[in-house]
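Student: To convert, take the position in the sequence shown, counting from 1, and add 107; that gives the numbering used here. Beta carbons: idealized from backbone N, C-alpha and C, even for Gly.
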Amino acid sequence: MPSNTAARRRVRTKPRKFRRVLLRGLSLLLPPILTVVILVWVINTVETYVLEPVELSAREVLVWTMADVHEAPADTAPNQTTLMQDGRPYSRLASGQYVPSGVVDWFRENRQDESLPATGEEVYRRYVEQRYLQPQIVIPVFLCVFILLLYVLGKFLTAKIGGWFDWGILRLPIVRKVYAAVKQVTDFVFGENLGEVLPAHYKQVVAIEYPRPGLWSVGLVMGEAVADVNAAAREPCVTVMLPTSPALFTVKPVMIPQSKTHTLDMTIDQALQFIISCGVVLPAHQLTVTDADSTSSLNPATQDADEDNTAK
Numbered sequence: 108m109p110s111n112t113a114a115r116r117r118v119r120t121k122p123r124k125f126r127r128v129l130l131r132g133l134s135l136l137l138p139p140i141l142t143v144v145i146l147v148w149v150i151n152t153v154e155t156y157v158l159e160p161v162e163l164s165a166r167e168v169l170v171w172t173m174a175d176v177h178e179a180p181a182d183t184a185p186n187q188t189t190l191m192q193d194g195r196p197y198s199r200l201a202s203g204q205y206v207p208s209g210v211v212d213w214f215r216e217n218r219q220d221e222s223l224p225a226t227g228e229e230v231y232r233r234y235v236e237q238r239y240l241q242p243q244i245v246i247p248v249f250l251c252v253f254i255l256l257l258y259v260l261g262k263f264l265t266a267k268i269g270g271w272f273d274w275g276i277l278r279l280p281i282v283r284k285v286y287a288a289v290k291q292v293t294d295f296v297f298g299e300n301l302g303e304v305l306p307a308h309y310k311q312v313v314a315i316e317y318p319r320p321g322l323w324s325v326g327l328v329m330g331e332a333v334a335d336v337n338a339a340a341r342e343p344c345v346t347v348m349l350p351t352s353p354a355l356f357t358v359k360p361v362m363i364p365q366s367k368t369h370t371l372d373m374t375i376d377q378a379l380q381f382i383i384s385c386g387v388v389l390p391a392h393q394l395t396v397t398d399a400d401s402t403s404s405l406n407p408a409t410q411d412a413d414e415d416n417t418a419k
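1) Only counting the same chain, and skipping five residues up and downstream in sequence, which positions put a Cβ closer than 7 Å to that of P196?
2) Confirm, please, whether the CB-CB distance from V325 to I382 is below 8 Å.
3) Straight-line CA distance for A340 to P360?
4) Residue range of the beta strand (DSSP E) that Y197 falls in?
5) Classify C251 as buried or exposed, calling it buried when 16 or more other Cβ atoms lie within 10 Å of its own Cβ.
6) Taking only the alpha-carbon atoms, compute the straight-line gap between M373 and P390 and give it to the nearest angstrom.
7) Would you call the region 229-237 and the region 154-173 in contact, with 3 or more CB pairs under 8 Å?
8) Which whole-angstrom value is the C-beta distance of G203 and A184, which I expect to be below 8 Å?
9) Let me know if A378 comes out buried or exposed under the rule of 16 or more other beta-carbons within 10 Å of its beta-carbon.
10) Could you give the distance in angstroms between the alpha-carbon of Y317 and the alpha-carbon of K290?
11) Go through the region 316-366 residue by residue and report every complete run of the alpha helix (DSSP H) that reaches 4 residues or more, in order.
12) Within the continuous beta strand (DSSP E) that includes V206, where are the two ends?
13) On a CA-only basis, which of D193, L240, V210 and F249 is nearest V153? Give me that one, please.
14) DSSP has V313 in a bridge; who is on the other side?
15) Which two residues bound the contiguous alpha helix (DSSP H) that contains Q380?
16) Does chain B have any CB closer than 8 Å to the CB of F272?
17) Going by other Cβ atoms of all chains shown within 10 Å of its Cβ, with 16 needed for buried, is R199 buried or exposed?
18) Kindly list the residues whose CB is nearer than 6 Å to the CB of L277, restricted to its own chain and excluding five residues on each side of it in sequence; keep chain order.
19) Under three-state DSSP, which class holds A129?
20) Beta carbon of T368, beta carbon of V333: below 8 Å?
21) Taking 8 Å as the cut-off, decide whether the C-beta atoms of C344 and Q365 are in contact.
22) If you follow the alpha helix (DSSP H) that Q431 is part of, which residue opens it and which one closes it?
23) Compute the beta-carbon to beta-carbon distance between V230 and L223, rounded to the nearest angstrom, for a pair I have assumed lies under 8 Å.
24) Once you ignore the five residues that flank T226 on each side, which residues in its own chain have a CB closer than 7 Å to its CB?
25) When you compare each of F253, R218, Q187 and I363 to V161 by their alpha carbons, which one comes out closest?
26) Which residues bound the alpha helix (DSSP H) around T189?
27) Are M362 and M348 close, meaning C-beta to C-beta below 8 Å?
28) Since Q192 and H177 should fall inside the 8 Å C-beta cutoff, what is the C-beta to C-beta distance between them, to a whole number of angstroms?
29) According to DSSP, is E229 part of a helix, a strand, or is it coil?
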């Protein structure tokens, strides 16, 4: 009888062990998969809303600068396919316009699978796209220009010129409300001298009971609450920003009495890592498990040995 009981225990343990090994493999694959998904989403967003408009603008500027299109002179024969202008040969298009023969020859040699466009302007658009706006050229140039632009803007801001820009934006109706809110958030998260942006007691990571008592959320204190809320609560209140996981683009501002906020021993970077990782990444000093438990949870061999001992 004891041997039958032990056999049944081993049978029940095998599915559990298989499930744990399966979950362990899933936990190994999910981080790189999610990282790739997020990076692909960011790249596609930048390409759609930044790179493509910049590339389109650059194409139109180059076409406007380079386009050399001539209409057929009045004395040109209907079947005349070439034309000499200022000592340069021009080739006739289906629309009757003439463009430099070198452009047409390059197009026919490098884009044999495409028919030659009918108008000179369209020929130059295709020519510029295929010769000068290839990804291997556009992306490095775009990154260099973007980094240079960030550097120049940073120099302007340190020189207080950025204040003039803010003054102009804050005079625009509707736009100023959105801009002021976004600027406060970016200054809070990315500002080097947070003391110049917010008072010292607002540079805090706090935990509040939200969305109901007993459930705790991590947030960042952004500033004071509105006066009416202070009056209704009959005590000082603060506004806490509650970012969402795994992306920080959606936040919820909550006004809560300052006495009901619990300051956490975490930096802003640590709090953001905690939120982005959906609570998986914790600072070392905030871990509550023992070293032995941590070692056991990270060592598959130890887990398997513990399971075998339990089964026995």
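Tutor: This is what the structure gives:
1) Position 89 of the sequence shown, counted from the first residue, corresponds to residue 196. Within the same chain, P196 has close Cβ partners T189 and S208.
2) For the purposes of this step, residue 382 is identified with residue 275 of the sequence shown, where counting begins at 1. For the purposes of this step, residue 325 is identified with residue 218 of the sequence shown, where counting begins at 1. Yes, the pair counts as a contact, with Cβ atoms nearer than the cut-off.
3) One-based indexing of the sequence shown puts residue 340 at position 233. One-based indexing of the sequence shown puts residue 360 at position 253. For A340 and P360, the distance between alpha carbons rounds to 17 Å.
4) Translated into the one-based positions of the sequence shown, residue 197 becomes position 90. Residues R195 to R199.
5) The residue labelled residue 251 in the question sits at position 144 within the sequence shown. With fewer than 16 other Cβ atoms within 10 Å, it is exposed.
6) In the sequence shown, counting from the first residue as 1, residue 373 sits at position 266. In the sequence shown, counting from the first residue as 1, residue 390 sits at position 283. Going from the Cα of M373 to the Cα of P390 covers about 8 Å.
7) yes
8) By one-based count along the sequence shown, residue 203 stands at place 96. By one-based count along the sequence shown, residue 184 stands at place 77. Not a contact, Cβ separation roughly 12 Å.
9) The residue given as residue 378 occupies position 271 in the sequence shown. It counts as buried.
10) Numbered from its first residue, the sequence shown carries residue 317 at position 210. Numbered from its first residue, the sequence shown carries residue 290 at position 183. Their backbone Cα atoms lie some 26 Å apart in a straight line.
11) 334-340
12) For the purposes of this step, residue 206 is identified with residue 99 of the sequence shown, where counting begins at 1. Note, V206: beta strand (DSSP E), Y205 to P207.
13) For the purposes of this step, residue 153 is identified with residue 46 of the sequence shown, where counting begins at 1. With distances taken between Cα atoms, V153 lies closest to F249.
14) For the purposes of this step, residue 313 is taken as the residue at position 206 of the sequence shown. According to DSSP, V313 bridges with G326 and T370.
15) Residue mapping note: residue 380 aligns to position 273 of the sequence shown, counting from 1. It spans I375 to I383 - the alpha helix (DSSP H) in which Q380 sits, taken as one unbroken run.
16) In the structure shown, chain B does not exist; there is a single protein chain.
17) The residue labelled residue 199 in the question sits at position 92 within the sequence shown. Under this definition R199 is a buried residue.
18) Here residue 277 corresponds to residue number 170 of the sequence shown, with the count starting at 1. Hits under 6 Å: R283.
19) Here residue 129 refers to the residue found at position 22 when the sequence shown is read from its first residue. Before going further, note that residue 129 is Leu rather than Ala in the sequence given. Of the three classes helix, strand and coil, the one that applies to L129 here is helix, per DSSP.
20) Stepping through the sequence shown from its first residue, residue 368 is reached at position 261. Stepping through the sequence shown from its first residue, residue 333 is reached at position 226. Going by C-beta atoms, T368 is not nearer than 8 Å to V333.
21) Start at 1 with the first residue of the sequence shown, and residue 344 comes out as number 237. Start at 1 with the first residue of the sequence shown, and residue 365 comes out as number 258. It is a contact, given that the beta carbons lie within the stated cut-off.
22) Outside the shown range of the chain, which is 108 to 419, sits residue 431, and nothing can be said about it.
23) Here residue 230 refers to the residue found at position 123 of the sequence shown. Here residue 223 refers to the residue found at position 116 of the sequence shown. Contact holds; Cβ gap of about 7 Å.
24) Residue mapping note: residue 226 aligns to position 119 of the sequence shown, counting from 1. Here the set comprises L200, S202 and Q204.
25) On the sequence shown, residue 161 is found 54 positions in, with the first residue counted as 1. The shortest Cα separation from V161 among F253, R218, Q187 and I363 belongs to F253.
26) In the sequence shown, counting from the first residue as 1, residue 189 sits at position 82. That residue, T189, is in no alpha helix (DSSP H); its beta strand (DSSP E) goes T189 to Q192.
27) Locating residue 362 in the sequence shown gives position 255, where the first residue counts as 1. Locating residue 348 in the sequence shown gives position 241, where the first residue counts as 1. Their beta carbons are not under 8 Å apart, which means M362 does not touch M348 by this criterion.
28) Locating residue 192 in the sequence shown gives position 85, where the first residue counts as 1. Locating residue 177 in the sequence shown gives position 70, where the first residue counts as 1. With a Cβ gap of about 6 Å, Q192 and H177 count as contacting.
29) Within the sequence shown, residue 229 is the residue found at index 122, counting from 1. It is helical.
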